[in-house]
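*Asks:* Position in the sequence shown (from 1) plus 168 gives the number in the working numbering.
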Amino acid sequence: MPDYKDQIIENLQKEVEELKRIVEMQNDIIRDLREQLRKNSSNS
169 MPDYKDQIIE NLQKEVEELK RIVEMQNDII RDLREQLRKN SSNS
């Protein structure tokens with residue numbers, strides 16, 4: 169049974185790492201979009 173629990177924990181940790189990467193990517197995209205918006209609004 170402990171092996172089973174260890175496997176679940178390991179899988180969850182992998183999922184968490186993947187989600188962190190996704191969130192980081194989205195944050196980069198949001199930051200870039202905000203910068204573009206700022207530039208566009210200052211140009212108009």
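Beta carbons are placed, not taken as given, at the ideal position from N, Cα and C, and that holds for glycine.
Values in this document were obtained by computation on a predicted structure and should not be read as measured data.
When the Cα atoms are used, what is the spatial distance from D200 to K207?
*Replies:* So the two alpha carbons sit approximately 11 Å from each other.
*Asks:* Does DSSP classify S210 as helix, strand or coil?
*Replies:* Correct three-state label for S210: helix.
*Asks:* Which same chain residues end up closer than 8 Å to I176 when comparing Cβ atoms and leaving out the 5 residues on each side of it in sequence?
*Replies:* For I176, where only same-chain residues beyond five positions count, there are no Cβ hits under 8 Å.
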